[in-house]
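The structure appears below as structure tokens.
In structure tokens:
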């Protein structure tokens, strides 16, 4: 169900908006209608003269500063929506650049007969919209709810399907439905009664010009900004807990929260029985160091029963396997608190992904004559085993050797890719004549970047696509069925703007990731945690799908004509993937998970 939706007539020939009908699509929504628009949500304000209406969802961590900027026109104790209405009258659309925190909003301007829709800079909230056949624009924070609105397109977007198979998520502005869009992070849409709609960025991840300061000065400022950000989150949610893993980001948040909270902090960890993926013991060291009460849960194959509910909330296929443990962590936290601090954003802003280290090395590799480099990589590929254990050094070496032979954008893409374009051609029977491989679009984005540094170019790609449409989407979906809100101190805009303008070598080099975060963490986390390799919040897919979940994989191919009614996939290829995985001749864990999530979505669709 949606708690934020609305409708606008793009011409006076379009049918009027039905307020009660609009509110009925939502959950706990009140509504406001005019002759050309309607809003339904939980948080609204209409100005006294009726000229400005604001609908908002989210939390702004700089609300106090916004109230000061609004001045006497926003009296003490008034709603945040009224504050935003005042600031819009003063500043117009430029007010969006001053908002700090997860949000979506709609502002109806009766004088201009225009509607402004906006999504926060990092995409911590989602907003979907589409134009119906009768000339009305519908929008909602829920794709399933938007699909219930009358007259909207019902055709499949095959470009989006190909992107999903390749990446496990669908990058904005596309959705799986042709004609329905997701507003990209940091973007706004302006709609007018003459039918014009313009979508443009009000914020982009600018990494230039660089700040001139020493590493020591940068570390001190990073620490100050993170302390202030955590303090703002704790002020907004005084009894917040922390989602804790064995990684640097969540441990820094726990250490800082312990200094800001009144009383003993709460920390929530999900572990695995598979030792390679299990971080319970590492998290326990951190919780003990911070004096936190540590609540631990365990993810098991049987927890896959949660997946249909989570994907139903998505409204389109989504295959980030860490959704499952994140959902378990959210539900565990929801039993003890209403808000948790999440460490998302640390990898993107401070250089945590190993693929950034690899791309730093790629810069040096590109100086080698192409034929020589290609020959060396080919030799390695012939020598290395094809079925090395996931996360092993042999598997990593093989992946690196294969990636180095590819053009730059495709090379970077290979570290996130599930199905390559060649595999999609072998697997898919859906129309692909107009499908453009995603890494070709990435190449065009890299060419437009103002950055000269290769690592910064690919970092921008992650900030524009992977973080909002995968990482943040995962956190939103994970809260389904959990009575808990998540705040991400590392995505504070003051932290963001500072981090992106640092010299890249302060964040990541070919030898070390998260240099600055490591430098400020000595008093916040046990030293042994800094020596651990990066694990992420992955799931032991290969083991699970060959073990307790093997029957589901066999069923995937046995029932393919039932769940793939339109014949998008080749049963022979799906069967081969299943058999190779179950026979332990190849590791297709991520690919089979992708297909299983697609199956669940298709079953819901039909």
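Residue numbers (our numbering): 5 to 610.
Heads up, the beta-carbon is just placed ideally off N, CA and C, and yes, glycines get one too.
Just so it is clear, the structure is predicted and the values come from calculations on it, not from any experiment.
Give the straight-line distance between the Cα atoms of residue i and residue j, rounded to the nearest whole angstrom.
i           : j           : result
residue 148 : residue 397 : 42 angstroms
residue 425 : residue 366 : 22 angstroms
residue 219 : residue 510 : 7 angstroms
residue 322 : residue 502 : 32 angstroms
residue 516 : residue 357 : 10 angstroms
residue 80  : residue 61  : 21 angstroms
residue 336 : residue 193 : 37 angstroms
residue 595 : residue 572 : 16 angstroms
residue 140 : residue 324 : 34 angstroms
residue 86  : residue 45  : 15 angstroms
residue 316 : residue 436 : 26 angstroms
residue 110 : residue 37  : 13 angstroms
residue 40  : residue 598 : 42 angstroms
residue 521 : residue 311 : 34 angstroms
residue 235 : residue 297 : 20 angstroms
residue 94  : residue 19  : 32 angstroms
residue 268 : residue 490 : 19 angstroms
residue 361 : residue 469 : 19 angstroms
residue 138 : residue 127 : 30 angstroms
residue 97  : residue 22  : 28 angstroms
residue 575 : residue 320 : 22 angstroms
residue 527 : residue 246 : 18 angstroms
residue 14  : residue 266 : 51 angstroms
Relative to the C-alpha of residue i, which residue among the options is closest?
i           : options            : result
residue 89  : 106, 70, 104       : 70
residue 565 : 606, 548, 209, 95  : 606
residue 203 : 392, 545, 406, 177 : 177
residue 531 : 173, 289, 95       : 289
residue 105 : 446, 500, 361, 439 : 500
residue 314 : 484, 32, 427, 451  : 484
residue 63  : 73, 492, 107       : 107
residue 82  : 573, 403, 49, 344  : 49
residue 28  : 10, 414, 444, 369  : 10
residue 275 : 268, 284, 269      : 284
residue 465 : 480, 449, 478      : 449
residue 173 : 326, 375, 489      : 326
residue 217 : 507, 235, 301, 412 : 507
residue 536 : 286, 72, 490, 277  : 286
residue 213 : 460, 131, 553      : 460
residue 223 : 519, 588, 438, 569 : 519
residue 145 : 318, 350, 529      : 318
residue 68  : 610, 13, 240       : 240
residue 207 : 355, 409, 497, 590 : 497
residue 72  : 51, 102, 610       : 102
residue 440 : 164, 12, 155, 65   : 164
Is the beta carbon of residue i less than 8 angstroms from the beta carbon of residue j?
i           : j           : result
residue 363 : residue 280 : no
residue 248 : residue 260 : no
residue 184 : residue 157 : yes
residue 122 : residue 91  : no
residue 161 : residue 180 : yes
residue 211 : residue 431 : no
residue 380 : residue 402 : no
residue 189 : residue 125 : yes
residue 382 : residue 369 : no
residue 244 : residue 341 : yes
residue 604 : residue 550 : no
residue 26  : residue 112 : no
residue 7   : residue 32  : yes
residue 488 : residue 344 : yes
residue 494 : residue 253 : yes
residue 209 : residue 467 : yes
Which residue or residues does DSSP assign as beta-bridge partners of residue i?
i           : result
residue 113 : 56, 118
residue 201 : 195
residue 297 : 270
residue 140 : 13
residue 45  : 8, 34
residue 432 : 573
residue 246 : 271, 345
residue 184 : 134
residue 123 : 108
residue 149 : None; residue 149 has no bridge partner.
When the Cβ atoms of the stretch 327-342 are set against those of the stretch 468-476, are three or more pairs found closer than 8 angstroms?
no
Quick check: the stretch 301-308 against the stretch 448-456, are at least 3 beta-carbon pairs closer than 8 angstroms?
Touching, no, given that fewer than three Cβ pairs across the two stretches are closer than 8 angstroms.
Three or more beta-carbon pairs under 8 angstroms between the stretch 42-58 and the stretch 224-242, yes or no?
no
Between the stretch 100-118 and the stretch 190-208, do at least 3 Cβ pairs fall closer than 8 angstroms?
yes
Between the stretch 548-565 and the stretch 581-590, are three or more C-beta pairs nearer than 8 angstroms?
yes
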